[in-house]
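Taken in order, these protein sequences are the chains called L and F. Just so we're aligned: 62 in this note's numbering is position 62 of the first sequence, and the numbers increase by one with no gaps anywhere. Counting from 1 along the second sequence, just add 1000 to a position and that's the residue number in this note's numbering. Backbone N, C-alpha and C fix where the C-beta goes; we use that ideal spot for every residue, glycine too. What follows is one structure encoded as structure tokens, with my remarks underneath.
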Amino acid sequence: MNIKPISSPHVSSARRVDDIMKKVILALLPALGFGIFLFGWSALFLTMVTVLSALFFEAVCLKLKGSTIESYLRDGSVIVTGLLVAMTLPPYAPWWIGVVGSGLAIILGKHVYGGLGQNLFNPAMLARVALLISFPIEMTTWVNVSPFFTGLDILESFKITFSGVEISDAITGATTLGFVKTGFSQAQLLPDLLNDYSGFLAFIGWERGSLGETSTLLILLGGIWLMRQGIIQWFIPVSLLASVTFLSTLFNLIDSTHYLSAWVHLNSGALMLVAFFIATDYVTSPNTPLGQLIFGTGCGVLIFVIRSWGGYPEGTGFAVLLMNSVTPLIDHYIRPRIYGRTRDGKPIEGG
Amino acid sequence: MFEFLENPKFRGGIHAEEHKAETCDKPIATNLPLPKKLYIPVQQHVGKPAEPIVKVGEHVLKGQLLAYSQGTISAPVHAPSSGVILDVQDFPAPHPSALPIRTIVIETDGEEKWFKYAIPEKPFELAPEEICLRVGGAGVVGLGGAVFPSAVKLNLGRKNQIHTLLINAGECEPYLTCDDLLMQERAVEIIGGIRLMLRGMNAPKAIVGIEDNKARAFSEMTEASKNFPEISVVQVPTRYPMGWDRQMLRYLTGKEIPADGRATDVGVIIHNVATANAVYQAVCLSKPLISRVMTVSGGAVSKPQNVEVLIGTLMSEVLAFCDVENEKLARLIMGGPMMGEVLPHADVPVVKASSGILALSHEDIFEPEVKPCIRCSSCVTACPVGLLPLEMASRIKANKLDAAVDLGLKDCISCGSCSYVCPSNIPLVHYFKFASGELFSRQQREHKAEQTKRLAKNRTNRMERIKAEAEEDARRVMEARAARQAAEAKAQEENA
């Protein structure tokens, strides 16, 4: 018989890291699929390049570290990172943007900190922000909605992604947030700036934007499903969306000519994807419910501040990274109350 | 502020696969063959070990006192069957180490002849002190696993004027159904025991908390208690660790026991439901605690069931009775799978604390590879105490034990909820037990160093004192000699 000291418990739940990651991938698929449908073959090529290069960089890093490659690659966390990087890229971005993005995410975002579970910043957001600063043209060229079979054919799309063909200005435009920001700088005002805006199409996702970010509806569905599966908790998404809604409504009421309504904010940019899939990243968000509420609220406030008064039209990436950096601080100060003790850790009074 | 984030009645916890169906509908087996030899350890309780009063070769009757209780916190042990005392020797204890402890061995004679104790005519009219005395004399200890001498607790309750007796019938550990079966079959006795406990403590009311997965036990207990308005039987949700006494108390009364305190601080005493049965046996029938009901289950057991077992029976005999398949057996566990301890082998005796023995198969204990922590904080959500298991484990891994203590390591109850939910299969409880052990040995070392320092200092003082005394003596002798010489000189002078 075995006499090696074994500690209780002797049973464990069936849920493993692999299952969690599989469910996250499943939850991302509708929004990703819609993005590929919306922007055609190029979107598919870019996604494949990004995910495959993420796997490649992970394998190289694991090899250098001397870890077992197979079990780590199989757990799915790399695919999640790869997918998230791809979903935040402009659909017609060239292949090397995907490769560099994955490299930044996996090497700089994850392995320099010690690998899975050790990173301070969300790898996908780190990659997005680094790319945006380094390659502003490629990262802000937004192609018009051009669904499969109506847009470019497979060969033209292949050229767009892999051979750096110039993208014609005729098929590109600005995102809602970018358009409004430029408009403000030219002394134009709301609501005229939004004459062509359809709140409904934005909700469905029928608009220009990053590969997998446009459809509020599908991301919301995936996020709610993840919550029901118990993979993520409501604290971060709800506090994030609530704070953006509150601030945008407040300022919109004060001055509706300079501040976008909550509906436009909620249906624009990466907000939904960030609320449900990025800010909820286990590794880089706080451990406790209260900590998560603070984190989510902080992200929401920063997103609104950067969108409204910052130099960039979209602020989600910066907001998440800033809040990531204070996560250890939040975790240090916000701890659950221990049974029989006050929040300060002293025994409660009897009786 | 922010207390709304905290469920005031139940915090954390898990839904583990119950595995209770295998045993909860089968009657308690009382036909376990009488063992040839019984091995009765003198320490089966918290406190000082009992002192044997029987001699080798002496014939004892069933229920006769074998070893008496020593000191205020202790409990006696009695002969589970009649026979001859073979030996008082060291024998492997039911403990993960199976290290030997002092054990009385009886060779049974098969007569099962009872030692005659006087049975009280009106047990429910006995004085409270008398009830406590009888409970103590019968060697009744907490049968939920803590094995604290019950009489001490009853006296404590009377002295502290408690307002509620809480009967813990949570039995939240998977597999275990011994309390469930006891309530199904012996509800009247249990209610009798509760009434005696109330009287013994001068307490006005009792609440019995039963998890809602034990419907039959609940209806039997409700039925048995219907004439006693002071006893209320209530259902509590099935969620591990509901049977953690402090959790049960919080759920039923909304009160929390201070971290440095006891249940009496909030006017409550908590007893296990099986203990109530033992109290009834002790007071009404004058039967000492010489047997208990235990669950025998697990994937390697062909006939899982609850068995009434004489204390001192070897676990191997109980397992053989339930047809354990040795080729399937992967791990032997004493108690439940969440908090139970591993047994290196089954040739150890059943003791008062033995609520169950599980022979788990390889499928039961499927153990996937340990992966890095992904900080999913499932463990934080699952912890019923409100700790941060992932943070504590990372501190312990870095050998920062004091930092782990600051995070609340000493408040950990080792319930295993964190390890259970961990998707990376990190053995969190193992870390905490290791750290607690390290802290204990460090404390021992510090204590030893302090003692050594104190003794060395004492010695130095003593040596200095001796030296000073010797000098003082020498000085006195010199002075006396000088005085004498002076006197002699003076006398000589005078003489001259």
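Tell me where the alpha helix (DSSP H) around GLN1305 of chain F begins and ends. The continuous stretches of alpha helix (DSSP H) do not include GLN1305 of chain F, which lies in the beta strand (DSSP E) extending over residues 1305-1310.
Helix, strand or coil at ILE1190 of chain F according to DSSP, with G and I counted as helix: Three-state DSSP puts ILE1190 of chain F in a helix.
Looking at the strands, I want to know which residues DSSP matches up with GLN1235 of chain F. F:ILE1210.
Could you tell me whether any Cβ in chain L is nearer than 7 Å to the Cβ of MET1294 of chain F? Put simply, the CB of MET1294 of chain F is far from chain L, with every gap to its CB atoms at 7 Å or more.
For ILE3 of chain L, count neighbouring Cβ atoms within 10 angstroms of its own Cβ and tell me buried if that reaches 16, exposed if not. The pLDDT assigned to ILE3 of chain L is 48, lower than 50, so where the model puts this residue is not dependable; a value taken from the coordinates is nonetheless given after this. ILE3 of chain L is exposed by the Cβ-count criterion.
Any beta carbon of chain L sitting closer than 7 Å to that of GLY1142 of chain F? Judged by the 7 Å Cβ criterion, GLY1142 of chain F is not in contact with chain L.
Measure the beta-carbon distance from LEU1314 of chain F to TYR1039 of chain F and round it to whole angstroms, keeping in mind my assumption that it falls under 8 Å. So it is a contact: roughly 7 Å between Cβ atoms.
Tell me which residues of the region 1329-1343 of chain F have at least one Cβ-Cβ distance to chain L shorter than 9 Å, keeping chain order. Of all residues in the region 1329-1343 of chain F, those with a C-beta nearer than 9 Å to a C-beta of chain L are LEU1329, ALA1330, ARG1331, LEU1332, ILE1333, GLY1335, GLY1336, PRO1337, MET1338, MET1339, GLY1340, GLU1341, VAL1342 and LEU1343, reading in chain order.
Through-space distance from PHE1148 of chain F to LYS1214 of chain F, alpha-carbon basis: When rounded, the separation of the alpha-carbon atoms in LYS1214 of chain F and PHE1148 of chain F is 26 Å.
In the DSSP assignment, the alpha helix (DSSP H) including LEU1156 of chain F goes from what residue to what residue? Note, LEU1156 of chain F: alpha helix (DSSP H), 1150-1159.
Taking PRO347 of chain L as the query, report the chain F residues whose CB atoms sit under 9 Å from its CB, ordered along the chain. Within 9 Å Cβ-Cβ: PRO1258, ALA1259, ASP1260 and GLY1261.
So that I know if they touch, is there some Cβ in chain F lying closer than 7 Å to that of PRO237 of chain L? Taking CB atoms only, PRO237 of chain L has no neighbour in chain F less than 7 Å away.
I'd like to know whether the C-beta of ILE1375 of chain F is nearer than 7 Å to at least one C-beta of chain L. Ile is not the amino acid found at residue 1375 of chain F; the sequence shown has Arg there. So, interface residue.
Scan the region 272-302 of chain L for residues whose Cβ lies nearer than 7 Å to a Cβ of chain F and list them as they occur along the chain. Per Cβ criterion, the list reads TYR282, VAL283, ASN287, THR288, PRO289 and LEU290.
Let me see if you follow: with CB-CB separation under 7 Å, is HIS1095 of chain F close to chain L or not? Not an interface residue.
Buried or exposed: PRO1229 of chain F, going by 16 or more other Cβ atoms within 10 Å of its Cβ? Answer is exposed; the Cβ neighbour count stays below 16.
Roughly how many whole angstroms lie between the Cα atoms of MET1001 of chain F and LYS1009 of chain F? Bear in mind that the predicted position of MET1001 of chain F carries a pLDDT of just 45, short of 50, making it too unreliable to give a figure here.
Are there three or more Cβ pairs, one per stretch, closer than 8 Å when the region 1320-1336 of chain F is compared with the region 1290-1304 of chain F? The region 1320-1336 of chain F is in contact with the region 1290-1304 of chain F.
Taking the alpha helix (DSSP H) that GLN1443 of chain F belongs to, which residues open and close that run? Residues 1428-1495.
Using 7 Å as the limit for Cβ to Cβ distance, is SER248 of chain L near chain F? No, its Cβ sits nowhere closer than 7 Å to a Cβ of chain F.
In whole angstroms, what separates the C-alpha of ALA1474 of chain F from that of ALA1483 of chain F? Roughly 14 Å separates the two Cα atoms.
Using 8 Å as the threshold, is the region 64-72 of chain L in touch with the region 221-240 of chain L, meaning 3 or more CB pairs across them? In this structure the region 64-72 of chain L does not lie against the region 221-240 of chain L, because fewer than three pairs of beta carbons, one per stretch, are closer than 8 Å.
So, with DSSP's three-state summary, where would you put ILE1269 of chain F? In this structure, ILE1269 of chain F counts as strand in the three-state DSSP scheme.
When F:MET1197, F:ARG1186 and F:ALA1118 are compared against VAL1152 of chain F, the one with the closest alpha-carbon: For the residues F:MET1197, F:ARG1186 and F:ALA1118, the minimum Cα distance to VAL1152 of chain F belongs to F:MET1197.
On the three-state DSSP scale, how would you describe ALA170 of chain L? The answer is helix: DSSP assigns ALA170 of chain L an H, G or I state.
So, are the CB atoms of MET323 of chain L and GLY300 of chain L less than 7 Å apart? Against a cut-off of 7 Å, the Cβ pair of GLY300 of chain L and MET323 of chain L comes out as no contact.
C-alpha gap between MET1 of chain L and LYS1328 of chain F, whole angstroms: The predicted model places MET1 of chain L with a pLDDT of 44, which falls under 50 and marks its position as unreliable; any figure quoted below should be read in that light. Taking C-alpha positions only, MET1 of chain L is separated from LYS1328 of chain F by approximately 12 Å.
With a threshold of 7 Å between beta carbons, is LEU116 of chain L in contact with chain B? Included in the structure are the protein chains L and F, with no chain B among them.
Would you identify the three-state DSSP class for LEU1329 of chain F, choosing helix, strand or coil? Secondary structure at LEU1329 of chain F: strand, using DSSP grouped into helix, strand and coil.
Counting only Cβ pairs nearer than 9 Å, list the residues of chain F close to ILE20 of chain L. Simply ILE1374, CYS1376 and PRO1423.
For GLY212 of chain L, I'd like the list of residues in its chain whose CB is within less than 6 Å of its CB, leaving aside the five on either flank, ordered along the chain. These residues qualify, in order along the chain: ALA31, LEU32, GLY35 and MET87.
VAL1370 of chain F: buried (16+ other C-beta within 10 angstroms of its C-beta) or exposed? With fewer than 16 other beta carbons inside 10 angstroms of its own, VAL1370 of chain F counts as exposed.
Shortest alpha-carbon distance to GLY1335 of chain F belongs to which of F:VAL1141, F:HIS1271 and F:TYR1175? Nearest C-alpha to GLY1335 of chain F: F:TYR1175.
C-alpha gap between GLY351 of chain L and ASP1265 of chain F, whole angstroms: Below a pLDDT of 50, predicted positions are generally treated as unreliable, and GLY351 of chain L, at 48, falls in that range; the measurement from the model is reported next regardless. GLY351 of chain L and ASP1265 of chain F have their C-alpha atoms some 6 Å from each other.
Closest residue to GLY296 of chain L among L:GLY315, L:GLY340 and L:ALA319 (Cα-Cα distance): Taking only the C-alpha atoms, the option nearest GLY296 of chain L is L:ALA319.
Using a Cβ-Cβ cut-off of 7 Å (strictly less than) and excluding sequence neighbours within five positions of ILE343 of chain L, which residues of its own chain qualify? Here residue 343 of chain L is Arg; the residue named in the question, Ile, does not match the sequence. Around ARG343 of chain L: ARG337.
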